[in-house]
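Remarks on the structure that follows.
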Amino acid sequence: IGKEIIHFEEIDSTNNYAKKIANEGCRDGTVVVSERQTMARGRVGRQWESFTNEGLWFSIVLRPDLEPEYIKIVTLAAAVAVVEGISEVQGIVCGIKWPNDIILNGRKLGGILTELSAEPEHINYVVVGIGININQDKNSFNAEIKNKATSLRIHTGETVSRVRLLEGILTGFDRIYSIMLQRRTQEIIDSWSGYSVTLGKEVKIVLKNTEYIGLAQSIASDGRLIVKCNDGVIREIAAGEIQVRGL
Ligand code: BTN
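Laid out in structure tokens, this is it:
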């Protein structure tokens, strides 16, 4: 991963560019990184702030030679790679909020947006977009996320090298991707669970028309979150947002 790195000063979204070159047939492990993005996207249709020098904004194109059932876990695998990379380079162990928010001191340090190519029965490529807040200070964040976001600099008091961090995360990614390619899904789930700030906690699941409260119990082999809800029903959550009590 990262044998080929494409660098931009500015782009709309590294995920968009990664999907474009993936459709044109770029190789497995190609990385697209940009100093800033003008239309970065977050999960569930949100925007993502990404200004110059403030963070690490990049996307990885993967072409795993795997059946779809083994690919669903990629989004959890990516979160593990990010946590391990940050830990290796900075010595800080972050938590993961399901499915893949990177959490430091109860605040969001980074996020991951995974996008799959169109045909579900034959997944041609996966784009994993990663955004990590690095050198923002407290006043950099807009009002909406001010009380929810953090950066590595806010935590360490130092300016952090984005290049070293990218290298660390790509190394972490190499390790976890090879486990994924060997279909050792449970090992990925176990690593993810070790960093989880969700399992064993009370969570609120917010769906279109309803909300459920329950205890987050475990992760299914396709990455779904298994929640024992207060109405006694066990639900498996595939996508969307959850709130974790106390976070
Ligand atoms: C989230 O909502 O938590 C996911 C945020 C993902 C942001 C990254 S930044 C690089 C890549 N390009 C995008 O447009 N989004 C992702």
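Residue numbering for the sequence shown follows this note's numbering, starting at 1 and increasing by one per position. Built from N, CA and C at the ideal position, the CB exists for glycine as well.
Only exposed fits lysine 146, as fewer than 16 other CB atoms lie within 10 angstroms of its CB. Exposed is the label assigned to valine 233, since fewer than 16 other Cβ atoms lie within 10 Å of its Cβ. Taking each of Gly55, Leu152, Arg63 and Asn142 in turn and checking the Cα distance to asparagine 105, the smallest one comes out for Leu152. The beta carbon of aspartate 190 sits no closer than 7 Å to any heavy atom of the ligand BTN. Distances taken from the Cβ of isoleucine 86 to the heavy atoms of the ligand BTN include none shorter than 7 Å.
Inclusion of valine 126 and valine 74 in the CB contact set at 8 Å is warranted, their separation being smaller than that value.
For alanine 77, DSSP records no beta bridge to any residue.
Shortest Cα-Cα distance from serine 221 to any of Trp57, Ile188, Ser161 and His7 involves Ile188.
With fewer than three CB-CB distances shorter than 8 Å, the stretch 26-38 does not count as touching the stretch 82-95. Of the candidates Phe58, Ser191 and Pro68, the residue whose Cα lies closest to the Cα of leucine 181 is Pro68. C-alpha of glycine 110 to C-alpha of glutamate 211: approximately 25 Å in a straight line.
The beta carbons of lysine 228 and glycine 214 sit closer together than 8 Å. Taking C-alpha positions only, asparagine 100 is separated from phenylalanine 58 by approximately 15 Å. Within the stretch 184-222, complete beta strand (DSSP E) segments of at least 3 residues are found at 202-206 and 211-219, given in chain order. When DSSP states are grouped into helix, strand and coil, threonine 52 belongs to the coil group. Cβ-Cβ distances below 7 Å link serine 50 to Arg36, Gln37, Ala40, Trp57 and Gly131 in the same chain, with the five nearest sequence neighbours on each side left out; the list follows chain order.
When the beta-carbon positions are compared, isoleucine 134 and leucine 165 come within less than 8 Å of each other. In the three-state scheme derived from DSSP, where H, G and I count as helix and E and B as strand, leucine 116 is classed as strand.
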